[in-house]
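Everything in the sequence shown is counted per numbering that gives the first Met the number 0, starting at 0 for the first residue and increasing by one.
Note that beta-carbon positions come from the ideal geometry of N, C-alpha and C, so glycine has one too.
Notes follow once the structure below has been shown.
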Amino acid sequence: MPRLPAFNPVARVNHSPTVVILGAGASKAAFPNGDANGKRVPVMNELVECLELGDLLRANGFTVDEDFESLYDKLERSGRFPFLKAEIESRVRSYFESLVLPPTPTLYDFLLLSLRENDLIATFNWDPFLALALMRNRSIRRLPEIAFLHGNVAAGICMSDRVKGFRGEDCLQCGATFGSTKLLYPVRNKDYKSEPYIANEWAILETKLTEAYILTIFGYGAPATDAAAVDLMTGTWTKNPTFELCQVNIVDIKSEVELEETWRPFFCRSHYGIHERLSTTWIFRHPRRSGESLAMATLQNDPWPENPFPKFETLSDLHSWIGPLIAQEEEGSFSGSPCPPL
Numbered sequence: 000m001p002r003l004p005a006f007n008p009v010a011r012v013n014h015s016p017t018v019v020i021l022g023a024g025a026s027k028a029a030f031p032n033g034d035a036n037g038k039r040v041p042v043m044n045e046l047v048e049c050l051e052l053g054d055l056l057r058a059n060g061f062t063v064d065e066d067f068e069s070l071y072d073k074l075e076r077s078g079r080f081p082f083l084k085a086e087i088e089s090r091v092r093s094y095f096e097s098l099v100l101p102p103t104p105t106l107y108d109f110l111l112l113s114l115r116e117n118d119l120i121a122t123f124n125w126d127p128f129l130a131l132a133l134m135r136n137r138s139i140r141r142l143p144e145i146a147f148l149h150g151n152v153a154a155g156i157c158m159s160d161r162v163k164g165f166r167g168e169d170c171l172q173c174g175a176t177f178g179s180t181k182l183l184y185p186v187r188n189k190d191y192k193s194e195p196y197i198a199n200e201w202a203i204l205e206t207k208l209t210e211a212y213i214l215t216i217f218g219y220g221a222p223a224t225d226a227a228a229v230d231l232m233t234g235t236w237t238k239n240p241t242f243e244l245c246q247v248n249i250v251d252i253k254s255e256v257e258l259e260e261t262w263r264p265f266f267c268r269s270h271y272g273i274h275e276r277l278s279t280t281w282i283f284r285h286p287r288r289s290g291e292s293l294a295m296a297t298l299q300n301d302p303w304p305e306n307p308f309p310k311f312e313t314l315s316d317l318h319s320w321i322g323p324l325i326a327q328e329e330e331g332s333f334s335g336s337p338c339p340p341l
């Protein structure tokens, strides 16, 4: 028999987390017109062009009709051209570090505020947008945890104290400024255990996947060069004791047939949904109450009304709107009633 989620039907609070996994397509969807300065936010198959690597690669005997992952994989496995490898890595870090978060509320602000402190957003992306959104929303209590599965240009670490934070900030234990994390580049034989920071981020994801009630995968294509990551996630998710009751949401613009084929090992019977936009998933139709809404609808046969985010021009308006939801969280009992209008 499957185990029920950690749902308290009296208080109507679900303690089983919601997990969101982000790929490059998520940032592309969040910033289709570029960053605050209009700078392009690339997916992997756009990196060679975006980083102006074509001439450099051709001069060293590489063709450029493949995507960045495949090209870098060939370069890594060849063991040659260390200068070329170093130049590519330098350009990747420099480009993504230069990206600027727009001042108005973005999809990542809404995503962060749609979840609670027991939830997790795990991202494969190098861009700083999720980290910057977290930093500017930190005045809001009960934000979700974040894990950077391939490192991140905004992530920081103090190796001596084994403390993580964000670049430009200081370690609270020793006062030293956080150093940069390694960026895990797309090679086929990734080792998620040898680098301490990356190993810790994966450990966080694995723990949450064994406890989660809702899993949403947004803009991540499970490329062949990431087979180790997909295997790790599949093995962990299918061992979740609530697996047969869990809901999986795939958010992607690919065809439904292709997505079902890619993610079939993650599905149990019909407990999944394919979405083109994050706005139609449980987490945006019921912000901060996705687990409770799913449990009330499927376990209690008492569905709650939807409570989608209105459009906001300022972060302060967005923060005011979720205020009543946070007040209920601190009381420890949820009504299921939508937020009152502003």
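Between the Cα of residue i and those of the options, spot the shortest distance and give me the residue it belongs to.
i, options, result
"Val162", "Thr103, Asn44, Asn199 and Ala221", "Asn199"
"Glu305", "Val186, Trp201 and Arg284", "Arg284"
"Glu275", "Gly290, Asn248, Gln327 and Thr224", "Asn248"
"Val250", "Ala221, Ala202, Ala85 and Glu96", "Ala221"
"Ile252", "Ala228, Gly218 and Leu244", "Gly218"
"Pro302", "Lys310, Phe311 and Trp281", "Trp281"
"Lys310", "Ala226, Ala296, Arg137 and Asp108", "Asp108"
"Val229", "Thr241, Asp190, Leu171 and Ser254", "Asp190"
"Ser179", "Met158, Val12 and Asn188", "Met158"
"Phe333", "Leu110, Ser292 and Ala154", "Ser292"
"Pro104", "Ala294, Asn300 and Glu312", "Glu312"
"Glu86", "Phe61, Leu55, Glu96 and Met134", "Leu55"
"Phe80", "Arg137, Asn59, Thr279 and Glu96", "Asn59"
"Glu96", "Ile197, Gly167 and Glu329", "Gly167"
Compare the beta carbon distance of residue i and residue j with 9 Å and say whether it is the shorter of the two.
i, j, result
"Leu214", "Trp236", "yes"
"Val152", "Trp125", "yes"
"Gly150", "Leu183", "yes"
"Tyr94", "Pro185", "no"
"Glu194", "Lys181", "yes"
"Thr224", "Ser69", "yes"
"Thr175", "Phe165", "Residue 175 is actually Ala in this sequence, not Thr. No. Outside cutoff."
"Leu119", "Ile203", "yes"
"Pro1", "Leu298", "no"
"Leu314", "Arg135", "yes"
"Ile156", "Phe123", "no"
Name the one or two DSSP bridge partners that residue i has.
i, result
"Leu298", "Paired residue(s): none; Leu298 is not in a bridge."
"Asp169", "Thr176"
"Ile87", "Note: Ile87 sits in no beta bridge, so no partner."
"Lys163", "Ile156"
"Val42", "DSSP lists no partner for Val42."
"Phe217", "Leu21 and Val250"
"Phe147", "Thr122"
"Val63", "Note: Val63 sits in no beta bridge, so no partner."
"Asn13", "Phe6"
Go through its chain and collect everything with a Cβ distance to residue i's Cβ below 8 Å, but skip five positions before and after it.
i, result
"Leu324", "Pro286, Arg287, Arg288 and Cys338"
"Ile139", "Leu112, His318, Ile321 and Ile325"
"Gly53", "Val47 and Val63"
"Phe61", "Leu70, Lys73 and Leu74"
"Asn36", "Val99"
For residue i, collect the residues of the same chain with a Cβ closer than 6 Å to its Cβ; drop the 5 residues on either side in sequence, then sort them by chain order.
i, result
"Asn239", "Thr209"
"Asp34", "Leu98 and Val99"
"Trp201", "Tyr191"
"Ala227", "Lys189"
"Ala5", "His14 and Ser15"
"Thr261", "Ala221"
By Cβ distance, which residues of its chain are closer than 7 Å to residue i, with the 5 residues on each side in sequence left out?
i, result
"Gly331", "Ala10 and Val12"
Item checked: contact_flag[the segment 22-32, the segment 265-272] where n(CB pairs < 8 Å) is 3 or more -> no
Notebook entry, point to check: Between the segment 145-154 and the segment 36-53, do three or more beta carbon pairs fall short of 8 Å?
Noted result: no
Checklist line | Contact the segment 79-99 vs the segment 112-121: 3+ CB pairs below 8 Å | finding: no
Notebook entry, point to check: Counting Cβ pairs closer than 8 Å, one from the segment 3-20 and one from the segment 211-228, do we hit at least three?
Noted result: yes
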